[in-house]
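Below: one structure, written as structure tokens.
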Amino acid sequence: AMNRRASRRVFFLVVIFLLMPVTWTRRGAAAEKYKPLHQRLRRLNQQFKRFQQMAFTHLQSIAEKYNISNYIDSRFQVLSRQFERISRELCAFKETTEQSLNSLKSWTKSLQKKTKRLDLSLANLTRALRENNHLNLRQIQKQRAVLSDLSHKIQKQQSHISSLESFRNQVQHGMQDLQSSLKRHQAQITKMESQMHGLYKIISASKEGGLDPLSSIRKQQDLNQVMPYSISFCNVGSMLLFPSASTENHVTFQRSFQTGVHELSICTWLKVDGKYLGTILSYATENNDNMLVLYGRNSGIRGVMNFVIGDPAYRELSLQNILDGHWHHLCIIWSSIEGRFLYYLDGHLISTGSKFQKGYEIPPGGSMILGQEQDSIGGDFDEAEAFVGRLAGFALWTRILSPGEVSGLASGKGVPRGAVLSLDDVDQMFGSVQHITCECLEHCM
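Residues -25 to -1, 1 to 420, numbered by mature numbering (1 follows the signal peptide of the UniProt record, and there is no 0), are exactly what the sequence shown covers, in order.
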């Protein structure tokens, strides 16, 4: 309405402006009179043009605003249609979502039911596994008890077998001793027969020569006592002579034990010239200077030999008739398995024992000496422990010699295999010790 009013005013002013020149020409006489009015109208005309320009600009802006309004209307309509479409889509989406939610709810319910069933199955399975574990544990305990009983029975059987083997060995040793005794008795009988035959010859010769038979028999006995072992005992090899009691007289070897020793056999012929035994063998290590010793001191009980393994453990062995100044064969055997030891003299088993250093190991790398007892490695000797006499056919094995092998050694039939030390391995002789080669005892005088 305002736009229409403004248009009317503009139209009215335009009409007045058009009528003004006609009035001016008609009234030329009064031109001078209306000159100010004319100037005023000119100003008005200019103002009108400005107003017209402004009105035109305003109308253009109004037209533009009107176009914007139309654009807004059309845009609103488009947006309304889009809203309606979006509303329809939202409704459809809502329906679809509700359907999906309903299906999800139903699926969740079925899943919960399945989960409950699975939980029940898992609980049953766990219970069954526990019961099976308990049963298995009981069975394992029963099997362990059975195995323990079986192991105990096996140990009993093994101990019984060991005792049977020991009894069998004892029986074998007894049989061998009996056989050797029979052989000795036979030899003695043969010797007695030869002696009787010799006595018969002596008596006959004495009668023929007019001599006293008793004096002739005594002379022959004196000759026999000088060389009671003049019977040929060979396979000796060589002999060591220790002439006097001295801290200088001893013998060393080129080597000693290369590995730990669990079994041991020491055999030698010996003839003692003193009133006591002295030290036959001494093996010393850094940890123990009396690791292995065979000795009898010049003090205390002289009729006893000490067999030492890992001092202070030792066994006392009777010397019997070793100190009678004649040749005797000595063998000492030890095993760590049962701690058993055997003492042979002249081929006869003198004594035996067990539980002597059972499970013990004689270490390697020590110092081995004959004739002196070491109080430190290779030294600190004592004259009272020196050996005086002869050692022949000395040998050492790191195994157990059988009774037959011991008997063979004592009868001079041969040397068993595998000796780790013998007189062939002597390295140095100190003092007045002499190393004499003699194959048979009759040559080792």
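By construction, the Cβ of each residue, glycine as well, lies at the ideal position given by its N, Cα and C atoms.
- request: Return the CA-CA distance between L125 and V283, expressed in angstroms with no decimal places.
  value: In the sequence shown, the residue the question calls residue 125 occupies position 150. In the sequence shown, the residue the question calls residue 283 occupies position 308. So the two alpha carbons sit approximately 39 Å from each other.
query: Does DSSP classify H13 as helix, strand or coil?
result: Here the question's residue 13 lines up with position 38 in the sequence shown. DSSP places H13 in helix when its eight states are reduced to three.
query: Thinking C-beta only, is V211 closer than 7 Å to G368?
result: In the sequence shown, the residue the question calls residue 368 occupies position 393. In the sequence shown, the residue the question calls residue 211 occupies position 236. It is a contact, given that the beta carbons lie within the stated cut-off.
Whole-number beta carbon distance between H410 and L215, since they are thought to touch under 8 Å: Here residue 215 refers to the residue found at position 240 of the sequence shown. Here residue 410 refers to the residue found at position 435 of the sequence shown. Their Cβ separation, rounded to whole angstroms, is 6 Å, which keeps L215 and H410 in contact under 8 Å.
query: Of the residues Q133, P339 and A30, which one's Cα is nearest the Cα of T260?
result: What you label residue 260 is simply residue 285 of the sequence shown in a count that begins at 1. Nearest of Q133, P339 and A30 to T260, Cα basis: P339.
message: Just to check my reading of the structure: A370 and V390 have Cβ atoms closer than 8 Å, yes? What is that Cβ distance to the nearest angstrom?
response: Sequence index remark: in the sequence shown, residue 370 carries index 395 (1-based). Sequence index remark: in the sequence shown, residue 390 carries index 415 (1-based). A370 to V390, Cβ: 6 Å. Contact.
task: Starting from V226, follow the beta strand (DSSP E) in both directions and report where the run begins and ends.
output: For the purposes of this step, residue 226 is taken as residue 251 along the sequence shown, with counting starting at 1. Its beta strand (DSSP E) spans residues H225 to F228.
message: Quick check: I297 and F362, are their CB atoms within less than 7 Å of each other?
response: Position 322 of the sequence shown, counted from the start, is the residue given in the question as residue 297. Position 387 of the sequence shown, counted from the start, is the residue given in the question as residue 362. Their beta carbons are not under 7 Å apart, which means I297 does not touch F362 by this criterion.
task: Say whether the region 222 to 233 touches the region 297 to 307, bearing in mind that this needs 3 or more beta-carbon pairs closer than 8 Å, one atom from each stretch.
output: no
message: Taking the straight line between their C-alpha atoms, what separation do you get for C419 and R374?
response: For the purposes of this step, residue 419 is taken as the residue at position 444 of the sequence shown. For the purposes of this step, residue 374 is taken as the residue at position 399 of the sequence shown. Going from the Cα of C419 to the Cα of R374 covers about 28 Å.
Closer than 7 Å to chain B by CB, V390: Judged by its chain identifiers, the structure shown contains no chain B, having just a single protein chain.
- prompt: Which residues mark the beginning and the end of the beta strand (DSSP E) in which V381 is found?
  reply: Residue 381 sits at position 406 when you count from the first residue of the sequence shown. Taken as a continuous stretch (DSSP letters only), V381 belongs to no beta strand (DSSP E), being part of the alpha helix (DSSP H) at P378 to A385.
query: Which full runs of the beta strand (DSSP E) of 3+ residues lie inside the region 29 to 63, going along the chain?
result: none
- request: Using alpha carbons as the reference points, say which of D264, G346 and T222 lies closest to G271.
  value: The sequence position of residue 271 within the sequence shown is 296, counting from 1. Closest by alpha carbon: G346.
query: I411 bridges to which residues according to DSSP?
result: Your numbering for residue 411 matches position 436 in the sequence shown. M214, per the DSSP bridge assignment.
task: Pick helix, strand or coil for T72, following the three-state DSSP scheme.
output: Sequence index remark: in the sequence shown, residue 72 carries index 97 (1-based). If DSSP states are grouped into helix, strand and coil, T72 belongs with the helices.
message: Excluding the 5 residues flanking S219 on each side, which residues of the same chain have their C-beta closer than 7 Å to its C-beta?
response: Locating residue 219 in the sequence shown gives position 244, where the first residue counts as 1. For S219, where only same-chain residues beyond five positions count, the Cβ hits under 7 Å are V363 and S407.
- prompt: How big is the Cα-Cα spacing for T327 and R290?
  reply: Within the sequence shown, numbered from 1, the residue matching residue 327 stands at position 352. Within the sequence shown, numbered from 1, the residue matching residue 290 stands at position 315. Using only the alpha carbons, I get a separation of about 10 Å.
query: What first and last residue would you give for the beta strand (DSSP E) that runs through S342?
result: Taking the first residue of the sequence shown as 1, we reach residue 342 at position 367. That run of the beta strand (DSSP E) goes S342 to L345.
field: Delimiting residues of the beta strand (DSSP E) encompassing K246
entry: For this step, residue 246 is matched to residue 271 along the sequence shown. E238 to V247 is the span of the beta strand (DSSP E), which, as asked, contains K246.
Cut-off 7 Å between Cβ atoms - residues of its own chain near C209, not counting five sequence neighbours on either side: Locating residue 209 in the sequence shown gives position 234, counting from the first residue. Closer than 7 Å at the Cβ level, and outside the excluded window around C209, lie G387, E414 and C415.
- prompt: When burial is assigned at 16 or more other CB atoms within 10 Å of the CB, is I308 buried or exposed?
  reply: Taking the sequence shown and counting its residues from 1, one reaches residue 308 at position 333. Per the 10 Å Cβ criterion, buried.
task: Would you kindly work out how many angstroms separate the C-alpha atoms of N55 and I47, rounded to a whole number?
output: Indexing the sequence shown from 1 puts residue 55 at position 80. Indexing the sequence shown from 1 puts residue 47 at position 72. Per the sequence presented here, residue 55 reads as Ser, with Asn not at that position. So the two alpha carbons sit approximately 12 Å from each other.
- request: Taking only the alpha-carbon atoms, compute the straight-line gap between L252 and A359 and give it to the nearest angstrom.
  value: If you number the sequence shown from 1, residue 252 lands on position 277. If you number the sequence shown from 1, residue 359 lands on position 384. Distance between the alpha carbons of L252 and A359 is about 10 Å.
field: Candidates L294, C242, K250 and I337: closest to S382 by CA position
entry: As a position in the sequence shown, residue 382 is number 407, starting the count at 1. Among L294, C242, K250 and I337, the Cα nearest to that of S382 belongs to C242.
query: From R365 to S311, what does the alpha carbon distance come to, in whole angstroms?
result: Here residue 365 corresponds to residue number 390 of the sequence shown, with the count starting at 1. Here residue 311 corresponds to residue number 336 of the sequence shown, with the count starting at 1. For R365 and S311, the distance between alpha carbons rounds to 30 Å.
- prompt: Is L198 helix, strand or coil when you go by DSSP?
  reply: Here residue 198 corresponds to residue number 223 of the sequence shown, with the count starting at 1. Legend: pLDDT at L198 = 41, less than 50; position of this residue unreliable, no value from coordinates given.
query: What runs of the beta strand (DSSP E), each 3 residues or longer, lie entirely inside the region 275 to 315?
result: 279 to 284, 289 to 293 and 303 to 310
query: So, is N42 buried or exposed, given that buried needs 16 or more other C-beta atoms within 10 angstroms?
result: Working through the sequence shown from its first residue, we reach residue 42 at position 67. With fewer than 16 other Cβ atoms within 10 Å, it is exposed.
message: Our contact map puts E313 next to S293 with C-beta atoms below 8 Å; I'd like the distance itself, whole angstroms only.
response: Translated into the one-based positions of the sequence shown, residue 313 becomes position 338. Translated into the one-based positions of the sequence shown, residue 293 becomes position 318. E313 to S293, Cβ: 22 Å. No contact.
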